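J.:
In the working numbering, the protein residues as written are -9 to 275.
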């Protein structure tokens, strides 16, 4: 059943371009703060993604909202991979290339072909490219990632996601984490990831019998808390600390496929695309 208009989220843009430090109150606003329809995809690669969410160099075509643009360019990327993928690189280089042997177009596009193509694009994004279709296609994948980061940022700043939904989304981004070179940084990241997962698994929605145990109270900071309240608090802390880490890294430590998947899930969860489904894919394949 379609949600009523009164049940839909409403946003006001723009969010702050700075990343707030964690405090118990500052990262859970009680109301929305972002209008995705005003969001402009694209940032200059020399600058922070967060500082360039409204780069005037990249305009939405045909007045499309950010969500419609995301759906449109994602559909176009999938269509290109279906025809020209899986994308790869020239041996021993970071030069992006279409598949040397065209794939069987009668077969469904697989997750592996999607992930391999996006991984190849991510690996090539900072390298010099040859003029031609490969470079043009790489620009398309780059713009898909740019709007993905913009949407992840906008939604995560609104406070419209409950702690559990936000937590699972952040955990999904962690699953696509690119390992840190520093052992100390990697261990700290993995520790937060583990704490987040333990807290998420402790939520009542994961296992119905847990609800029966809500009478078992734990005393924390002089206050009595149920197990789910304790888990919710831990999710809030760990998810936001991990989110701050992604922001400090400009999301460069997240594999593109995982980021795109989480952005898509959050859009669906908030029903942000219920009026965007008629947007088609450019007939350029």
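Each residue gets a CB set at the ideal place from its N, CA and C atoms; glycine is no exception. As the structure is a computational prediction, the values presented were derived from the model and not from experiment.
Could you check how far apart the C-beta atoms of residue 253 and residue 60 are, in whole angstroms? I think they sit under 8 Å.
T.: Residue 253 sits at position 263 when you count from the first residue of the chain shown. Residue 60 sits at position 70 when you count from the first residue of the chain shown. That pair is a contact at about 7 Å.
J.: Out of curiosity, what's the CA-to-CA distance linking residue 14 and residue 135?
T.: Looking up residue 14 in the chain shown gives position 24. Looking up residue 135 in the chain shown gives position 145. With a pLDDT of only 33 at residue 14, under the threshold of 50, the placement of this residue in the model should not be trusted; the figure read from the coordinates follows. Distance between the alpha carbons of residue 14 and residue 135: 31 Å.
J.: Is it buried or exposed, residue 20, if we count other Cβ atoms within 10 angstroms and call 16 or more buried?
T.: Locating residue 20 in the chain shown gives position 30, where the first residue counts as 1. In this prediction, residue 20 scores a pLDDT of 32, lower than 50, which makes its location untrustworthy; the coordinate-derived value is nonetheless stated afterwards. Classification for residue 20: exposed.
J.: Can you list, in chain order, the stretches of the beta strand (DSSP E) that have 3 or more residues and sit fully within the region 77 to 162?
T.: Segments of the beta strand (DSSP E) lying fully in the region 77 to 162: there are none.
J.: Any idea which residues DSSP pairs residue 167 with across the strands?
T.: As a position in the chain shown, residue 167 is number 177, starting the count at 1. Looking at the DSSP assignment, residue 167 forms a beta bridge with 244.
J.: Give me the residue from 190, 244, 224 with the minimum Cα distance to residue 164.
T.: Translated into positions along the chain shown, residue 164 becomes position 174. Of the listed residues, the one whose Cα sits closest to residue 164 is 244.
J.: Within the same chain, show all residues whose beta-carbon is closer than 7 Å to that of residue 107, passing over the 5 residues directly before and after it, in chain order.
T.: Reading the chain shown from its first residue, position 117 is the one you call residue 107. If we look at residue 107 and ignore the five residues flanking it on each side, its Cβ neighbours are 71, 75, 76, 77.
J.: Kindly indicate which residue of 120, 101, 55 has the alpha-carbon position closest to the one of residue 80.
T.: To locate residue 80, count along the chain shown from 1; it is residue 90. Comparing Cα-Cα distances from residue 80 to each of 120, 101, 55, the minimum goes to 120.
J.: CB-CB under 6 Å to residue 170, same chain, minus the five flanking residues each way: which ones, in chain order?
T.: As a position in the chain shown, residue 170 is number 180, starting the count at 1. Result list for residue 170: 176, in chain order.
J.: Give me the Cβ distance between residue 159 and residue 255, rounded to the nearest whole Å; I'm assuming they're in contact under 8 Å.
T.: Residue numbering aside, residue 159 sits at position 169 when the chain shown is read from its first letter. Residue numbering aside, residue 255 sits at position 265 when the chain shown is read from its first letter. So it is a contact: roughly 7 Å between Cβ atoms.
J.: Here's the rule I'm using: 16 or more other beta-carbon atoms within 10 Å means buried, otherwise exposed. How should residue 124 be labelled?
T.: Position 134 of the chain shown holds residue 124. By the 10 Å Cβ count, residue 124 comes out buried.
J.: If you reduce the DSSP assignment to three classes, tell me which class residue 261 lands in.
T.: In the chain shown, counting from the first residue as 1, residue 261 sits at position 271. It is coil, neither helix nor strand.
J.: Taking all protein chains shown into account, decide if residue 147 is buried (16 or more other Cβ within 10 angstroms of its Cβ) or exposed.
T.: Here residue 147 refers to the residue found at position 157 of the chain shown. Classification for residue 147: buried.
J.: Got a sec? Which residues, its chain only, sit under 8 Å from residue 114 by beta carbon, not counting five neighbours each side?
T.: What you label residue 114 is simply residue 124 of the chain shown in a count that begins at 1. Hits under 8 Å: 79, 84, 85, 86, 128.
J.: Which residue from 250, 257, 261, 263 puts its Cα closest to that of residue 68?
T.: Here residue 68 corresponds to residue number 78 of the chain shown, with the count starting at 1. The candidate whose alpha carbon is nearest that of residue 68 is 250.
J.: Is the CB-CB distance between residue 142 and residue 161 below 8 Å?
T.: If you number the chain shown from 1, residue 142 lands on position 152. If you number the chain shown from 1, residue 161 lands on position 171. Contact flag unset, no.
J.: Cβ of residue 225 within 8 Å of Cβ of residue 57?
T.: The sequence position of residue 225 within the chain shown is 235, counting from 1. The sequence position of residue 57 within the chain shown is 67, counting from 1. For residue 225 and residue 57, no; Cβs fall outside 8 Å.
J.: Please classify residue 101: is it buried, with 16 or more other beta-carbons within 10 angstroms of its beta-carbon, or exposed?
T.: Counted from its first residue, the chain shown places residue 101 at position 111. Exposed is the call here.
J.: Taking the Cβ atom as the reference point for each residue, do residue 110 and residue 157 lie within a distance shorter than 8 Å?
T.: Residue numbering aside, residue 110 sits at position 120 when the chain shown is read from its first letter. Residue numbering aside, residue 157 sits at position 167 when the chain shown is read from its first letter. Not a contact, by the Cβ cut-off of 8 Å.
J.: Residue 139: buried (16+ other C-beta within 10 angstroms of its C-beta) or exposed?
T.: Translated into the one-based positions of the chain shown, residue 139 becomes position 149. By the 10 Å Cβ count, residue 139 comes out buried.
J.: For the alpha helix (DSSP H) that residue 181 lies in, which residues bound it at each end?
T.: Indexing the chain shown from 1 puts residue 181 at position 191. Counting along the chain, the alpha helix (DSSP H) containing residue 181 begins and ends at 173 to 191.
J.: Which residue marks the beginning of the alpha helix (DSSP H) containing residue 65, and which one marks its end?
T.: Taking the first residue of the chain shown as position 1, residue 65 is located at position 75. Start and end: 56 to 74.
J.: How would you call residue 31, buried or exposed, if buried means at least 16 neighbouring beta carbons within 10 angstroms?
T.: Along the chain shown, one-based indexing puts residue 31 at 41. Bear in mind that the predicted position of residue 31 carries a pLDDT of just 37, short of 50, making it too unreliable to give a figure here.
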